[in-house]
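Visitor:
Protein chains: 2
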Amino acid sequence: MSITTNAIIQTDTENPSSLAWQTTSIADPQPGEALVRIHYAGVNRADTLQAQGHYPPPRGTTDIIGLEAAGVIEAPNGATRPDGSPWHPGDEVAVLLSGGGYSEYATVPEGQLLPIPAGYSLAEAASVVEVACTVWSNIMMTARLREGDTILFHGGGGGIGIFGIQLARALGATVAATAGSEEKLHVCRRYGADILINYKEENFAEILTEHGGADVILDIIGAKYLDRNITALAPDGHIVIIGMQGGVKGELNIAKLLNKRGNISATGLRYRDKEDKAHIVAETVRNVWPLLENGQITHHINRIMPIAEVAAAHKALLAGEVTGKIVLELPQS
Amino acid sequence: MSITTNAIIQTDTENPSSLAWQTTSIADPQPGEALVRIHYAGVNRADTLQAQGHYPPPRGTTDIIGLEAAGVIEAPNGATRPDGSPWHPGDEVAVLLSGGGYSEYATVPEGQLLPIPAGYSLAEAASVVEVACTVWSNIMMTARLREGDTILFHGGGGGIGIFGIQLARALGATVAATAGSEEKLHVCRRYGADILINYKEENFAEILTEHGGADVILDIIGAKYLDRNITALAPDGHIVIIGMQGGVKGELNIAKLLNKRGNISATGLRYRDKEDKAHIVAETVRNVWPLLENGQITHHINRIMPIAEVAAAHKALLAGEVTGKIVLELPQS
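Here it is as structure tokens:
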């Protein structure tokens, strides 16, 4: 058995632009997996990587692209909330996915169903799930940021940076951010960053060292920054690498790391098992949703595009000119 | 003001054998620092490194060598136990030191005073502190080993390995150990290791992979094993590097680490501040002392030598033929 759905299919795996709206099927929901009618899907850089063939879905996951979405539960199929209360047909939900968001229907394990933050639209909720779970799990569950700590975000003007700056600020941290233009640094400042570093003109490691070092570094650069990140680290600090835009292989000076008693983690959300994801989702809802609801973290949509224009949406994201999220709207026929 | 003491002084900093018993002075104890009359001092590899000029004491610490000892409190000077009860003159204690153990007298912050495990001699207690605090802090407080996990000890036949194998076994982990001879592997087996690897003949990374990977690796090799340790790691695993016998700089493949969601920490005990040390000591006494007292961990002294023979003691340790600890006895005149 399977569910028939319309979804974005890559008709030519060599061509990232060959994304077409077609009829296909997805696996039947298992007990504890809700069937969700998707209204909006958030667009992430990871989606563009998958279309380019660089970021395959975990084994057993649909090939349909899309890591986050929001919509309405069609069939809860026994899915319950963390407190044990049941989800009902018609309940609005945001969803964290291993894939399959660019689709009319998605099957979602109960641990990856999130309530809509109060005051949020479905489009806003659809596009905040991935960044919220990513930032919370990395800076809090992996690196255990504490009040009074200093945290450094590379790419402070990007989606993860802007969200992270606000979250870290709300948690009582001193926030440093790097970016490549004064305009982006201005954005970082507006969202609450205390220490602004133009990486094209300044040495972030020196500047952090002057400020006593970073207790946590959330890094999307990888190899190119490995040694400088260690220089920038405070004693007992933690570097969390979640991207490798600056390369995969770098020299690690273990003595230098040991002098700081430093920690390096390289993590991602997508390939975690569903127990892990459920734990992260529950912690994120518990800790981050109140900050979305009271406005301590603001979330900005750049544009909403029809799902049929997905190739154009990816192109816009890759052009790097977009501040805020691109959201795809699915037809509700 | 200062305290006059006899201690081991390095008369020629270029010559690790120029260790002589001489009269010197140490700083007066501050409030909350006990003055301890030392009876026995444990000998560690780190002591030999310090004598070779490679492991300087933390700023503000005496130049006198010696990281662990046991003796009798001469003046508690207000020092209390973690529960707030006072130490008294005449109380027997083991001590964790940043330096200064090879001395008739040492001043010791209250957080680094440990009770003698029931049934232990002062000589045994003097030589179990450093290894117990090192292994507990690294495998539990840093890497958070859990029951049912697999842990790999490199150098399983050494002091840290033998202690670690027993502790991990007592905690319900599956234990793997590498060593360079069948004789040493036999020792590892005797202390409870399940997976024995002769690193001269076998590929530890392959063998661990066959066993599902190591959740925790306690590593004393550093650069030479960096990449193979990542290969050997289980998903979400943690490599803790506490030695660099195989070099300081190695290539880190971040993508490979990210595929495992791996963590690398490089740590040490000596340069931590006294709050950190007090925390580690308290946890070690609470969790490890009962295992010493009930025999789940056995601790073996190889020989007790007079402090005047310290140069010979260091030579014996460096020759690598010693199983069990060397302990120095201080004259009680």
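If you read the sequences in order, they're chains A and B.
Per this note's numbering, the very first residue in the first sequence carries number 948; after that it's consecutive.
Per this note's numbering, the very first residue in the second sequence carries number 948; after that it's consecutive.
A virtual CB, placed ideally from N, CA and C, is assigned to each residue, including glycine.
Nothing here was measured: the structure is a model prediction, and the numbers come from that model.
How big is the Cα-Cα spacing for residue 1141 of chain B and residue 1121 of chain B?
Guide: Locating residue 1141 of chain B in the second sequence gives position 194, counting from the first residue. Locating residue 1121 of chain B in the second sequence gives position 174, counting from the first residue. Using only the alpha carbons, I get a separation of about 6 Å.
Visitor: Just tell me which of B/1237, B/1039, B/991 and B/1180 has its CA closest to the CA of residue 981 of chain B.
Guide: Residue mapping note: residue 981 of chain B aligns to position 34 of the second sequence, counting from 1. For the residues B/1237, B/1039, B/991 and B/1180, the minimum Cα distance to residue 981 of chain B belongs to B/1039.
Visitor: What is the residue span of the alpha helix (DSSP H) that residue 1108 of chain A lies within?
Guide: Taking the first sequence and counting its residues from 1, the one referred to as residue 1108 of chain A is at position 161. Segment 1106-1117, the alpha helix (DSSP H) holding residue 1108 of chain A.
Visitor: Compare the C-beta of residue 1128 of chain A with all C-beta atoms of chain B and state if any pair is closer than 7 Å.
Guide: Mapped onto the first sequence, residue 1128 of chain A falls at position 181. No, its Cβ sits nowhere closer than 7 Å to a Cβ of chain B.
Visitor: Can you pull the chain B residues whose beta carbon is under 8 Å from the beta carbon of residue 1214 of chain A, in chain order?
Guide: For this step, residue 1214 of chain A is matched to residue 267 along the first sequence. The answer, in chain order, is 1205 and 1208.
Visitor: For a quick check, are the C-beta atoms of residue 1078 of chain B and residue 1107 of chain B less than 7 Å apart?
Guide: Taking the first residue of the second sequence as 1, we reach residue 1078 of chain B at position 131. Taking the first residue of the second sequence as 1, we reach residue 1107 of chain B at position 160. The answer is yes: Cβ separation under 7 Å.
Visitor: Taking CB distances under 7 Å as the criterion, tell me whether residue 979 of chain A reaches chain B.
Guide: Start at 1 with the first residue of the first sequence, and residue 979 of chain A comes out as number 32. Not an interface residue.
Visitor: By alpha-carbon positions, which one of B/1151, B/1003, B/1029 and B/1035 ends up nearest to residue 1023 of chain B?
Guide: One-based indexing of the second sequence puts residue 1023 of chain B at position 76. For residue 1023 of chain B, the nearest C-alpha among the options comes from B/1035.
Visitor: Could you have a look at residue 1250 of chain B and say whether DSSP puts it in helix, strand or coil?
Guide: Translated into the one-based positions of the second sequence, residue 1250 of chain B becomes position 303. Residue state, collapsed to three classes: strand.
Visitor: Hey, does residue 1169 of chain A have any beta-carbon neighbour from chain B nearer than 7 Å?
Guide: What you label residue 1169 of chain A is simply residue 222 of the first sequence in a count that begins at 1. Chain B contact via Cβ: present.
Visitor: What separation, rounded to the nearest whole angstrom, lies between the Cα atoms of residue 1234 of chain B and residue 1058 of chain B?
Guide: Numbered from its first residue, the second sequence carries residue 1234 of chain B at position 287. Numbered from its first residue, the second sequence carries residue 1058 of chain B at position 111. If I take the Cα positions, the gap works out to 16 Å.
Visitor: CB-CB under 6 Å to residue 948 of chain B, same chain, minus the five flanking residues each way: which ones, in chain order?
Guide: Along the second sequence, read from residue 1 onward, the residue named residue 948 of chain B stands at position 1. Correct list, in chain order: 975.
Visitor: With the cut-off set at 7 Å, would you say residue 955 of chain A and residue 1052 of chain A are in Cβ contact?
Guide: Sequence index remark: in the first sequence, residue 955 of chain A carries index 8 (1-based). Sequence index remark: in the first sequence, residue 1052 of chain A carries index 105 (1-based). It is not a contact, given that the beta carbons lie outside the stated cut-off.
Visitor: Answer yes or no: do residue 1162 of chain B and residue 1139 of chain B have a C-beta to C-beta separation smaller than 7 Å?
Guide: Mapped onto the second sequence, residue 1162 of chain B falls at position 215. Mapped onto the second sequence, residue 1139 of chain B falls at position 192. Taking 7 Å as the Cβ cut-off, residue 1162 of chain B and residue 1139 of chain B do not qualify as a contacting pair.
Visitor: Output, in chain order, the set of chain A residues within a Cβ distance shorter than 8 Å of residue 1159 of chain B.
Guide: Translated into the one-based positions of the second sequence, residue 1159 of chain B becomes position 212. Going along chain A, no residue has its Cβ under 8 Å from residue 1159 of chain B, so there is no contact; the nearest lies around 14 Å.
Visitor: Looking at residue 966 of chain A and residue 1269 of chain A, is the spacing between their C-beta atoms short of 7 Å?
Guide: By 1-based counting over the first sequence, the position of residue 1269 of chain A is 322. By 1-based counting over the first sequence, the position of residue 966 of chain A is 19. No, they are not a contact pair.
Visitor: Give the residues from the stretch 1183-1199 of chain A that approach chain B closer than 7 Å (Cβ to any Cβ), ordered along the chain.
Guide: Of all residues in the stretch 1183-1199 of chain A, 1188, 1191, 1195, 1196, 1197, 1198 and 1199 have a Cβ within less than 7 Å of some Cβ in chain B.
Visitor: Just to confirm, are residue 1146 of chain B and residue 1070 of chain B a CB contact at a threshold of 7 Å?
Guide: As a first step, residue 1146 of chain B must be located in the second sequence, where it is residue number 199. As a first step, residue 1070 of chain B must be located in the second sequence, where it is residue number 123. Going by C-beta atoms, residue 1146 of chain B is not nearer than 7 Å to residue 1070 of chain B.
Visitor: Assuming contact is defined by CB atoms lying nearer than 7 Å, are residue 1125 of chain A and residue 1098 of chain A in contact in what I supplied?
Guide: Taking the first residue of the first sequence as 1, we reach residue 1125 of chain A at position 178. Taking the first residue of the first sequence as 1, we reach residue 1098 of chain A at position 151. It is not a contact, given that the beta carbons lie outside the stated cut-off.
Visitor: Are there 16 or more other CB atoms within 10 angstroms of the CB of residue 951 of chain A, so buried, or fewer, so exposed?
Guide: Along the first sequence, read from residue 1 onward, the residue named residue 951 of chain A stands at position 4. When all chains shown are included, residue 951 of chain A counts as exposed.
Visitor: Since residue 1221 of chain A and residue 1194 of chain A should fall inside the 8 Å C-beta cutoff, what is the C-beta to C-beta distance between them, to a whole number of angstroms?
Guide: Here residue 1221 of chain A is taken as the residue at index 274 of the first sequence, counted from 1. Here residue 1194 of chain A is taken as the residue at index 247 of the first sequence, counted from 1. That pair is no contact at about 32 Å.
Visitor: Below 8 Å, how does it come out for the stretch 1175-1190 of chain B and the stretch 1084-1098 of chain B: are there three or more Cβ pairs, yes or no?
Guide: The stretch 1175-1190 of chain B, when compared against the stretch 1084-1098 of chain B, does touch it at the 8 Å Cβ threshold.
Visitor: Can you list, in chain order, the residues of its chain with a C-beta nearer than 6 Å to that of residue 964 of chain B? Leave out the 5 residues immediately preceding and following it.
Guide: Counting from 1 along the second sequence, the entry for residue 964 of chain B is found at position 17. Excluding positions up to five away in sequence, the list reads 1258.
Visitor: Around the C-beta of residue 1064 of chain B, are 16 or more other C-beta atoms found within 10 angstroms, so that it is buried, or is it exposed?
Guide: Taking the first residue of the second sequence as 1, we reach residue 1064 of chain B at position 117. Buried: at least 16 other Cβ atoms inside 10 Å.
Visitor: Please name the residue, chosen from B/1261, B/1094, B/1277 and B/1028, that lies closest to residue 994 of chain B on a Cα-to-Cα basis.
Guide: For the purposes of this step, residue 994 of chain B is taken as the residue at position 47 of the second sequence. Looking at the Cα atoms, B/1261 is the closest of the given residues.
Visitor: Taking residue 1156 of chain B as the reference, which of B/1180, B/1169 and B/1166 has the closest Cα?
Guide: For the purposes of this step, residue 1156 of chain B is identified with residue 209 of the second sequence, where counting begins at 1. Comparing Cα positions, the closest option is B/1180.
Visitor: Relative to the alpha-carbon of residue 1007 of chain B, which residue among B/1000, B/1044 and B/1021 has its alpha-carbon at the smallest distance?
Guide: For the purposes of this step, residue 1007 of chain B is taken as the residue at position 60 of the second sequence. Comparing Cα-Cα distances from residue 1007 of chain B to each of B/1000, B/1044 and B/1021, the minimum goes to B/1044.
Visitor: Looking at the structure shown, is residue 1091 of chain B part of a helix, part of a strand, or coil, going by DSSP?
Guide: Start at 1 with the first residue of the second sequence, and residue 1091 of chain B comes out as number 144. Coil, per DSSP.
Visitor: Starting from the Cα of residue 1073 of chain A, find the closest Cα among A/973, A/1013, A/1166 and A/1100 and give me that residue.
Guide: Translated into the one-based positions of the first sequence, residue 1073 of chain A becomes position 126. Checked all of A/973, A/1013, A/1166 and A/1100; the closest Cα to residue 1073 of chain A is A/1013.
Visitor: Can you check whether the C-beta of residue 1211 of chain A is within less than 7 Å of a C-beta belonging to chain B?
Guide: Taking the first residue of the first sequence as position 1, residue 1211 of chain A is located at position 264. It does: the Cβ of residue 1211 of chain A has a partner Cβ on chain B nearer than 7 Å.
Visitor: Would a check of beta-carbon distances place residue 1201 of chain B closer than 7 Å to chain A?
Guide: Here residue 1201 of chain B refers to the residue found at position 254 when the second sequence is read from its first residue. Interface residue, yes.
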